[in-house]
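Structure first, commentary second.
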Ligand SMILES: Nc1nc2c(ncn2[C@@H]2O[C@H](COP(=O)(O)OP(=O)(O)OP(=O)(O)O)[C@@H](O)[C@H]2O)c(=O)[nH]1
Ligand SMILES: [Mg+2]
């Protein structure tokens, strides 16, 4: 009898664990999920909110597949600033920027997690971002456009897809001019774009566009395309830009850039985990740290007195940097010496390590860090890991680094740059933020990251 009961209990525990690992990601079946809950409307029943939306324009975009998470965040800012300005013009009053669903990126190594078709709300606070620019997460886009009524299967017609590409000669006559030019190409060569792989999107017109210039030049491209279409009917127009990283910032580092950047707050569930971790391991929180973090980004202002928690954060980029950038990437021993010296100078004993190093590298690094308390973030359970995914874990590392009294990053890593920005927003003195690991431990050979302070 006891034996029978024991088997039953073990079977139940096993079942619960299997379920925890297979937690169904609500976004994997994005398209069916959206359409199951969305009735198709005809003209008579079309909701008023939609019927009144004249000239709705959806701008979709995608980034070169191998690009990492943190460059993608920067591309978002270029386009957010663009649509934010664009919507002030009459023809574009109802423009929306559609956030491309995430697919498993090169650096997201956990093969056992499902990391495709992730929405932006998995990582960011969409409502906060929306207060800066008219954006839609991909499921919101599918839902909204379906309210206009869609052709059966259903699918979403994309009126024009612009495959952006570089000019061969960027410096004509020795100078860099803004310019664009349509060119011949074959769509089959560009199938790696994740957007093109979304079976629900049906493109009518695939165009290759050599593009050299900032986001405001996209307006000219759109106007030219719209002039050749009938824009008077109330059908929504959908345009897509592929390889949008080719589009440059209108003006990098100006007030508009920082507004878009400040609106890009992390998802509340990630902030909560980072808060708990900081309290548990460093006995600190926003108020002890005296960081600037009002409930809404709109209330932030010039501030330089943040103290941070009593720990140093080191962002140590390894992986491809060790091979691709050996001239500037330090050895683990050199890193350890630099951390120890800085801790001594700052009268601190704890270092938080944010890194993509392997377990073997970590062991090595720790062996050089005697009399130092190294701390790393790891998930509480497999269940939590399958919820956060590799992208969420990386963001938690970034949040914890952003709250440290002192930060040192890796030369030319966009992951490091995003931490610099976060600390600028929270109001740290510049000298406690804009630091870079040197190649050599005696600091003789040292390339430094550039300093881009916040402006209001
Ligand atoms: N959890 C965690 N992941 C990291 C860390 N550093 C790098 N990664 C992973 O590696 C990726 C780094 O790629 P990017 O976001 O492109 O940044 P980068 O490679 O440093 O910068 P680029 O020069 O633009 O390529 C991150 O998105 C993470 O997935 C870290 O400290 N913690
Ligand atoms: Mg990268």
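Residue numbers (my numbering): 13 to 468. Virtual Cβ for every residue (Gly too), placed ideally from N, Cα, C.
Item, Value
"Spatial distance of residue 129 from residue 209 (CA atoms)", "11 angstroms"
"Assigned exposure category for residue 385 - 16 Cβ within 10 Å defines buried", "exposed"
"Supposed close pair residue 283, residue 147 - CB separation, criterion 8 angstroms", "No, residue 283 and residue 147 are not in contact; Cβ-Cβ is about 20 angstroms, not under 8 angstroms."
"N- and C-terminal bounds of the beta strand (DSSP E) containing residue 223", "218-224"
"Three-state class that DSSP yields for residue 262 in the structure shown", "coil"
"In chain order, each beta strand (DSSP E) run of at least 3 residues that lies wholly inside the region 95-174", "107-110 and 168-170"
"Helix, strand or coil at residue 450 [DSSP, three-state]", "coil"
"Rounded separation between residue 422 and residue 336 - CA only", "13 angstroms"
"DSSP state of residue 187 mapped onto helix, strand, coil", "coil"
"Outcome for residue 178 when other beta-carbon atoms lying within 10 angstroms are tallied against a minimum of 16", "exposed"
"Where residue 467 falls, given that 16 or more other Cβ within 10 Å makes a residue buried", "exposed"
"Cβ pair count under 8 angstroms reaching 3, the region 218-230 against the region 261-270", "yes"
"Residue 24 (DSSP reduced to helix, strand or coil)", "Reliability fails at residue 24, whose pLDDT of 42 lies under 50, so the model's placement of it is uncertain and no value is given."
"Selection from 415, 154, 295 and 76 that minimises the alpha carbon distance to residue 109", "154"
"Closest Cα partner of residue 119 within the set 432, 426 and 403", "403"
"is_contact[residue 374, chain C] using C-beta, thresh 8 angstroms", "The structure shown has no chain C; it contains just one protein chain."
"For residue 339, the first and last residue of its enclosing alpha helix (DSSP H)", "Premise fails: residue 339 is in no alpha helix (DSSP H) and is neither H nor E."
"Exposure of residue 451, with buried meaning 16 or more beta-carbon neighbours within 10 Å", "buried"
"Contact belief for residue 140 with residue 275 at Cβ below 8 angstroms, rounded distance in angstroms", "5 angstroms"
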